[in-house]
Amino acid sequence: MKGTCTDKGSNVLYPEIEDKIEISVGEDALKILSDEKFQAEWEALYQSCYWATVFQGTTYTNTWYKLYKKQYIPILITSYKGNKLTGILNLSMSLKKLEITGTGASDAYYHTWLAEEYNKESFIKLALHKVREHFPGYNIRLFQLPQHTPIKWLETDKKWLNLAVLKTYDRPLVDLTHPELSKLYTKKQFKECRNRLKRLGEVTFEHITCIDQLSDIFDEMMDQFDFRKGATLNTLPFRSDPQKKEFLMELFRLDMLHVAVLKMNGIIVASLIATIGKDKWVHGVGINTHAPTYAAYSPGFISFIMLAQQLANKQYHMLDLSTGDQEYKKRMTNTQDQVYALVILSRNKSTFKIPNPLKEQVIGRLSEAGIDYIAFRAKLRANNKMLKAKWHLLKQQGITRCLVNSLKFTISREKEQIYKINTKNSITILKNTYACISQNSLKDLLRFSEGQSLKTRWEFLIEAMYRLEIGEQAYTYSEDNVLKACVWMSCYSKKQNIYAAKLDYPTEGAVLHGLYFHSDYNNKLPQFIEAVAAEIEKNQPGKQIYLITGPSVAAFCLARQSAC
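First residue of the sequence shown: 1, per our numbering; consecutive thereafter.
Right under this line is the structure:
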């Protein structure tokens, strides 16, 4: 699909020639991109465009288009003065929703267009007009426009005023050339956290430069990232996007990523993946992970500070932390600027819901009451998201089944008791009939299947992250990529465990509680409990082991055991 229209807005550079705008879609766009002459012209325009970012370059665009062609349709708008390429807008159309976005969608930190100085505004207006003409009913979302993107036309052109929604965001940055950058490495919190981690063993911060190295550790990084996102946002970025891993691996092969890992005794406790940009910039660090079992040592914060030091030593100029209200960004930043989110609506924005004019008053009242509006809004959104997840589970199980399960769960919790486990039986059974128990396996926890209990996946992961962060140990068993059973070993923590049973826990020994099992795993539950007990006995010989559960489960699992 192609089309052309003429730009008569600026004839400064070539007064005798009119701009020609072309739109190419799908295979037509990919065919143009494969032309070496076109790629060279694109690269020249990209290098000369002072507001462009790496996400508008040919390498990034080609890579993303090819790997995501089953999820997005490429859209390429080009401008020519005679035979000279003078403008490019690289977009993609989602096959799942009525939306057109910049190439890279949410994987790209910035969306914008390339143009020369003379047509930096006229090109984008004609390009957007062309896209709206070809795809009526689609919103066009450019999130985010980088600093210095020409946007004055949005203020002066009445047509676009009625179609555009522009929002401004503060962008936290770490100026790696700042004369006082070294103060970042001497922050009290950073030194304290790093020293506490060092007491556990040898701490190293490694720059990954070999594809084989990355291949060896990528799955672990992926599990840490999905686990954190699953618990905080109810999303699993890698598991819901099969192309994501391959895409990042390909960018790494193309020398477009900076990957670093923080290790303690060879164990990955945190990792970072950032995109190498133009002009000695490093963008985003959107893939940042840490092991929840080491959360008390703030490994994420440690790794960010060490990354800034590493990048400064490699002569980079700026670490772009990207927009967001995360606390670590506030602690790290030493400068900031502004970026923008632009949405071009499919219809006049007067037909859409406009933000309540009382919003500023509401924010003011909340502030007077000592309530942070941003945190308050985030809490409301999270609650709304949780309600939707619960409603989905309710529809999946049916109201009657949910009510019955809820009643059974309540009665079971109220009747929970503490039972002793005979580890001698456990050892015998384990050797003959059972194996493959995992400890603190994020991969297993991420295999939780909704519909087997009253918990949504989100609630399960929230609880799992909380338990791991306060020091509890997870024992799990999976089959066919489904979590079949999980039980937690309690720890002695100053922090109150909000998921603990309302019982007086033994002050000595190992206490297993929070038992979960898949509905088709009932018959094998005794072997699981005994195998877990055997694993604890192997690592801590002679330690008394207890299980907190309801009487019905205890009667089945611990027929040879005794209640306390």
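Each residue gets a CB set at the ideal place from its N, CA and C atoms; glycine is no exception. Only a predicted model underlies this, so the values are computations on that prediction, with no experimental measurement involved.
Under the 8 angstroms Cβ criterion, the stretch 235 to 243 does not count as touching the stretch 292 to 300, having fewer than three qualifying pairs. The straight-line gap separating the alpha-carbon atoms of residue 474 and residue 387 is approximately 27 angstroms. When the five nearest sequence neighbours on each side are left out, the beta carbons in the same chain lying within less than 8 angstroms of the beta carbon of residue 556 are those of 522, 525, 526, in order along the chain. Secondary structure note for residue 199: it is in no beta strand (DSSP E), with a DSSP letter that is neither H nor E.
Secondary structure of residue 256 (DSSP, three-state): coil. Residue environment: residue 484 is assigned as buried (16 or more neighbouring CB atoms within 10 Å of its CB, all protein chains considered).
By the neighbour-count definition (other C-beta atoms within 10 Å, threshold 16), residue 551 is an exposed residue. In the DSSP annotation of this structure, the continuous segment of the alpha helix (DSSP H) that includes residue 328 starts and ends at 327 to 332. A check of alpha carbon separations from residue 446 across 436, 458, 437, 453 identifies 458 as the nearest. Rounded to whole angstroms, the separation of the alpha carbons of residue 114 and residue 55 is 11 angstroms. Every unbroken stretch of the beta strand (DSSP E) spanning 3 or more residues and falling wholly within the stretch 137 to 184 is given here in chain order: 139 to 145, 164 to 175. Sorting 264, 416, 488, 465 by C-alpha distance to the C-alpha of residue 501 places 416 at the top. Residue 421 sits away from residue 476, with the two beta carbons spaced by 9 angstroms or more. Within its own chain, the residues whose Cβ lies closer than 6 angstroms to the Cβ of residue 516, once the five positions on either side in sequence are excluded, are 486, listed in chain order.
The criterion of a C-beta distance shorter than 9 angstroms is satisfied by residue 87 and residue 77. Residue 281: member of the beta strand (DSSP E) spanning 281 to 290, first to last residue. DSSP places residue 516 inside the beta strand (DSSP E), whose first and last residues are 510 to 517. Across the structure, residue 232 and residue 49 are spaced so that their CA atoms are roughly 38 angstroms apart.
Taking the C-beta atoms as reference points, residue 419 is found nearer than 9 angstroms to residue 558. In the three-state DSSP reduction, residue 241 falls in the coil class, being neither helix nor strand. One thing to note: residue 217 has its Cβ within 9 angstroms of the Cβ of residue 268. For residue 300, the uninterrupted alpha helix (DSSP H) segment begins and ends at 299 to 313.
Inclusion of residue 320 and residue 266 in the CB contact set at 9 angstroms is not warranted, their separation being larger than that value. The shortest CA-to-CA distance from residue 126 to any of 497, 19, 40 is the one to 19. Only residues of its own chain outside the window of five on either side were considered, and among them 243 have a CB closer than 7 angstroms to the CB of residue 68, listed in chain order.
Residue range 58 to 67 is occupied by the alpha helix (DSSP H) that includes residue 67. With contacts defined by Cβ atoms closer than 9 angstroms, residue 173 and residue 316 do not form a contacting pair. Counting along the chain, the unbroken alpha helix (DSSP H) around residue 40 starts and ends at 36 to 48. DSSP assignment within the stretch 75 to 133 yields the following whole beta strand (DSSP E) runs of 3 residues or more, N-terminal first: 84 to 94, 99 to 102. Beta-bridge analysis with DSSP links residue 205 to 262. Ranked by Cα distance from residue 147, the options 34, 160, 167 are led by 167. As the crow flies, the alpha-carbon of residue 194 is around 25 angstroms from that of residue 324.
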